[in-house]
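As structure tokens, the structure follows; a few thoughts come after it.
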Amino acid sequence: MDAIVLQILNGLDKGSAYALIALGLTLIFGTLGVVNFAHGALFMIGAFCAVTFSRILTWSHTVIDETKKDFLGNPLKVEVPHIYDWFGQTTGDAIIDWAVPLSLLFTVPVMLFVGYAMERGLIKHFYKRPHADQILVTFGLAIVLQEVIKYYYGANPIPIPAPEVFAGSFDFGALLGFEANTIIYPYWRLVYFAFAAVIIGAVFAFLQFTTFGMVVRAGMADRETVGLLGINIDKRFTIMFGIAAAVAGLAGVMYAPINSPNYHMGMDFLVLSFVVVVVGGMGSLPGAVLAGFLLGILESIASMAQVLEYLPGLNQIIIYLVAIIILLTRPRGLMGRKGVMED
Amino acid sequence: MLGLDKKDFNLLLIVACLTMLAPFILNPFPEGSGLAQFNAGYPDLMQRFVIFGIFAIGFNILFGLTGYLSFGHAAFLGVGSYAAIWMMKLLTTNVIPAMIMAVVIAGVFALVVGYVSLRRSGIYFSILTLAFAQMSFAMAYSVLTPITGGETGLQLKLADARILDGALEAGVQARANIFGLNMSSSAELSLGSWLFTFNAGYYLAAIVMLVAFYLAIRIFRSPFGLMLRAVKSNQQRMNYTGLNARPYTLAAFVISGMYAGLAGGLMVAMDTQVGPERMFWTASGEVVLMTILGGAGTLIGPVLGAGLIKYMENILSKINSDILHTWFAFLPDGLEDFIITLIYPFIGKGWHLTLGIIFMLVVIFLPGGLVEGGQRIAKLFKRKDASEDTAQSTPAE
Numbered sequence: 059m060d061a062i063v064l065q066i067l068n069g070l071d072k073g074s075a076y077a078l079i080a081l082g083l084t085l086i087f088g089t090l091g092v093v094n095f096a097h098g099a100l101f102m103i104g105a106f107c108a109v110t111f112s113r114i115l116t117w118s119h120t121v122i123d124e125t126k127k128d129f130l131g132n133p134l135k136v137e138v139p140h141i142y143d144w145f146g147q148t149t150g151d152a153i154i155d156w157a158v159p160l161s162l163l164f165t166v167p168v169m170l171f172v173g174y175a176m177e178r179g180l181i182k183h184f185y186k187r188p189h190a191d192q193i194l195v196t197f198g199l200a201i202v203l204q205e206v207i208k209y210y211y212g213a214n215p216i217p218i219p220a221p222e223v224f225a226g227s228f229d230f231g232a233l234l235g236f237e238a239n240t241i242i243y244p245y246w247r248l249v250y251f252a253f254a255a256v257i258i259g260a261v262f263a264f265l266q267f268t269t270f271g272m273v274v275r276a277g278m279a280d281r282e283t284v285g286l287l288g289i290n291i292d293k294r295f296t297i298m299f300g301i302a303a304a305v306a307g308l309a310g311v312m313y314a315p316i317n318s319p320n321y322h323m324g325m326d327f328l329v330l331s332f333v334v335v336v337v338g339g340m341g342s343l344p345g346a347v348l349a350g351f352l353l354g355i356l357e358s359i360a361s362m363a364q365v366l367e368y369l370p371g372l373n374q375i376i377i378y379l380v381a382i383i384i385l386l387t388r389p390r391g392l393m394g395r396k397g398v399m400e401d
Numbered sequence: 009m010l011g012l013d014k015k016d017f018n019l020l021l022i023v024a025c026l027t028m029l030a031p032f033i034l035n036p037f038p039e040g041s042g043l044a045q046f047n048a049g050y051p052d053l054m055q056r057f058v059i060f061g062i063f064a065i066g067f068n069i070l071f072g073l074t075g076y077l078s079f080g081h082a083a084f085l086g087v088g089s090y091a092a093i094w095m096m097k098l099l100t101t102n103v104i105p106a107m108i109m110a111v112v113i114a115g116v117f118a119l120v121v122g123y124v125s126l127r128r129s130g131i132y133f134s135i136l137t138l139a140f141a142q143m144s145f146a147m148a149y150s151v152l153t154p155i156t157g158g159e160t161g162l163q164l165k166l167a168d169a170r171i172l173d174g175a176l177e178a179g180v181q182a183r184a185n186i187f188g189l190n191m192s193s194s195a196e197l198s199l200g201s202w203l204f205t206f207n208a209g210y211y212l213a214a215i216v217m218l219v220a221f222y223l224a225i226r227i228f229r230s231p232f233g234l235m236l237r238a239v240k241s242n243q244q245r246m247n248y249t250g251l252n253a254r255p256y257t258l259a260a261f262v263i264s265g266m267y268a269g270l271a272g273g274l275m276v277a278m279d280t281q282v283g284p285e286r287m288f289w290t291a292s293g294e295v296v297l298m299t300i301l302g303g304a305g306t307l308i309g310p311v312l313g314a315g316l317i318k319y320m321e322n323i324l325s326k327i328n329s330d331i332l333h334t335w336f337a338f339l340p341d342g343l344e345d346f347i348i349t350l351i352y353p354f355i356g357k358g359w360h361l362t363l364g365i366i367f368m369l370v371v372i373f374l375p376g377g378l379v380e381g382g383q384r385i386a387k388l389f390k391r392k393d394a395s396e397d398t399a400q401s402t403p404a405e
């Protein structure tokens, strides 16, 4: 029992990442009708925003400390981050420690801009082209983005620590009445899950309770009629693309401490996220979120030792297996809408 | 000739000449000269050209004709490779049975995958094939280790059964051969400072590719090929005229899977080892790149695309900053450094970036690939009254 609870918890953080990426993919698909293979690259760029931000924070200059001597007897040279000069050492350290959460603030405008530029610069020209062309051009874009990142940041994963406060683990077992130390769960993963829940909630609230969101939903249902009512729906869809990019970027930032960012992390997640979107149903936002968590948890449960004893290797294939079964039995996915992608 | 019209026959003839003379054509620069690194006429790379050519021709039969974009074709290549190496381990190191087995097993596997995947179309089909391929990859990596050798893969070993072959002499290793002719044996011809290598394996692969290319032309020109194009242009209309398109698309899928299996078998024949990474989805993505880059739906396009990508992968990636410095040494220092900083990200390890950019440009501006580019250039130089009939390389609409 405790093992199952632990695996469900383990599934939650992976599921959160799937759900966030799949949510963005579905937003783009539902609004613009574009299959965006570069969405994984946006996730990766988000993670590298965190890297960049923490590098900016630790950007330092050399100071000669006369009071200390190095082993040759010369005055010691110390690297001092600029941030110490501005805020003093204690505050500076605290800011550097909180680099990942703080970089969220930095990431949002960057990702909004990246998304906006991508839509206006490239995707816009592909609305009238077949889906295969959209897949191909965004696939090419993903390669380019990934290689650019590789050029500037190198091919090795760059570890980014979470803030000191969240470094430890939380003993869930004691809380739920199991024996102590049976269910240990890192704090940061809890934070990630909570963060994902907040973002997902925010996106849904934005679509559900604002006028802007209402117009966007109307546009998703029937674009031409909204246009006939004299609303510039294209402009709003462009903004939605920016928001979808920001969601992917934020997911990437917060994932950086869990999995050190490397240049191909986006592609790794993208393939699975596409499976998630299709399982959830193309164009269905709740479906994407549901399928994201479902597949994340299923994957974790399948990797339990007790399961692997009977069905070895199941953890490797469970997601694809579920996808195949669902696509063949429920052609529109779990919560797919009628008339989406049925050409 | 051979059941082809004149135009197709000429195309086949040109391709045949090019592949047969490839050791000369791909080695235009003398040994030891500064440009020698652009020579592609060494056996390993030439084999890759033709093998990936076969793979791309096969993929094109599916994607170019029917428009079904498969993102899992590498699985068939991998399955073919595993089948081939097992034939060589168990039966004989002669490559003929290995290749036949590779084609058959890949065909059967494609039949199963295709039967399920073709129930859906569009992006769903892409995701289904991707899912199947990733599953095969994951299983080859983990559960099927007794059959696939897991992460290390399979190689020929001294202890293999090889029922049809006699016992090996002491100190001799089992090598892929065709009726005794070793696949890695080469003849060399030295003319002045030029050195040409004629490799047995390359010529076997080239002949197989020519056969595959010939069959592809026949398929393109057959009523069956026409039916596949009809599927691409409007499946709805096909269904309403009372035609069930599924058997045709399934046949195309299986044929294209068999081509991939053949390519996999040839890979094993050239280099007797297999690993699961051959089935990873990036390998499937690569064949998509090749086909689109060359020109989907055209006969020669996929081969060109495969050649271009493999050339870039092997030649462009070798250029490093030292080589750039020797090239631009004639410029003043400041300018030299500036130009090198500009170029450097695109070569050497960054060749993927160049590939990605070229690919995007092709998708955006030349949906018909390099072949369409060639046609447009040819049109500029042609007189207006020249025949507009470029049927042999018009992309299937």
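Protein chains in written order, with our numbering: chain G, 59 to 401; chain E, 9 to 405.
We treat Cβ as the ideally placed atom computed from N, Cα and C, and that holds for glycine.
Computed from a prediction, not measured in an experiment: that's the story for all the values here.
At a C-beta separation below 9 Å, residue 62 of chain G has no neighbours in chain E, since its nearest C-beta there lies roughly 22 Å away. Taking all protein chains in view, the Cβ of residue 180 of chain E is surrounded by fewer than 16 other Cβ atoms within 10 Å, so the residue is classified as exposed. At least one CB atom of chain G sits nearer than 8 Å to the CB of residue 124 of chain E. Taking CB atoms only, residue 266 of chain G has no neighbour in chain E less than 8 Å away. Residue pairing by DSSP places residue 199 of chain E opposite E/202 in a beta bridge. In its chain, beyond the 5 residues on either side, 30, 210 have a beta carbon closer than 6 Å to the beta carbon of residue 54 of chain E. By the Cβ-count criterion, residue 131 of chain E is buried, with 16 or more other Cβ atoms from all chains shown falling within 10 Å of its own Cβ. Interface annotation, residue 249 of chain G: not in contact with chain E, CB-CB separation never under 8 Å. The secondary-structure analysis by DSSP pairs residue 194 of chain E across a beta bridge with E/207.
Contact annotation: the region 263–277 of chain G does not touch the region 311–318 of chain G, with fewer than three C-beta pairs closer than 8 Å.
A Cβ-Cβ contact shorter than 8 Å links residue 117 of chain G with residue 139 of chain G. Just measuring C-alpha positions, the residue of E/33, E/19, E/83, E/112 sitting nearest residue 266 of chain E is E/112.
Exposed is the label assigned to residue 9 of chain E, since fewer than 16 other Cβ atoms lie within 10 Å of its Cβ. For residue 105 of chain E, no beta strand (DSSP E) run applies; the uninterrupted alpha helix (DSSP H) run containing it begins and ends at 103–125, by DSSP.
Looking only at E/386, E/373, E/301, the smallest Cα-Cα distance to residue 184 of chain G is reached by E/373. Sorting E/88, E/71, E/23, E/218 by C-alpha distance to the C-alpha of residue 287 of chain E places E/88 at the top.
Legend: CB atoms of the region 57–73 of chain E lying less than 7 Å from CB atoms of chain G are not found in any residue.
For residue 44 of chain E, the closest C-alpha among the options E/247, E/204, E/376, E/381 is that of E/204.
Contact of residue 150 of chain E with chain G is assigned, a C-beta pair being separated by under 8 Å. Per DSSP, reduced to three states, the secondary structure at residue 18 of chain E is helical. The Cβ-Cβ distance between residue 76 of chain E and residue 299 of chain E does not fall below 8 Å.
Of all residues in the region 208–219 of chain G, the ones placed with a Cβ closer than 7 Å to any Cβ belonging to chain E are 209, in chain order. When C-beta distances to chain G are compared with 9 Å, the residues of the region 111–135 of chain E below that value are 124, 125, 127, 128, 129, 130, 131, 132, 134, 135, in chain order. Here DSSP, grouped into helix, strand and coil, assigns residue 68 of chain G to helix.
In the DSSP assignment, residue 357 of chain G forms no beta bridge with any residue.
Across the region 349–371 of chain G, CB contacts with chain E closer than 7 Å involve 370, 371, in sequence order along the chain. Taking 8 Å as the threshold, the shortest C-beta distance from residue 85 of chain G to chain E does not fall below it.
In the structure shown, residue 132 of chain G adopts coil according to DSSP, grouped into three states.
Annotation: Cβ neighbours of residue 385 of chain G in chain E (cutoff 7 Å, chain order): 128, 132, 136. Taking residue 217 of chain E as reference, the option from E/15, E/12, E/20 with the minimal CA-CA separation is E/20. Chain-ordered, the chain G residues with CB closer than 7 Å to the CB of residue 360 of chain E read 201, 205. Taken through DSSP and simplified to helix, strand or coil, residue 189 of chain G comes out as helix.
With respect to the 8 Å criterion, residue 230 of chain G and residue 246 of chain G are not classified as neighbours on the basis of their beta carbons. Pairing residue 183 of chain E with residue 140 of chain E, the inter-Cα distance amounts to about 33 Å.
The alpha-carbon separation between residue 164 of chain E and residue 246 of chain E amounts to approximately 49 Å. Counting along the chain, no beta strand (DSSP E) covers residue 264 of chain E; the unbroken alpha helix (DSSP H) around it starts and ends at 254–278.
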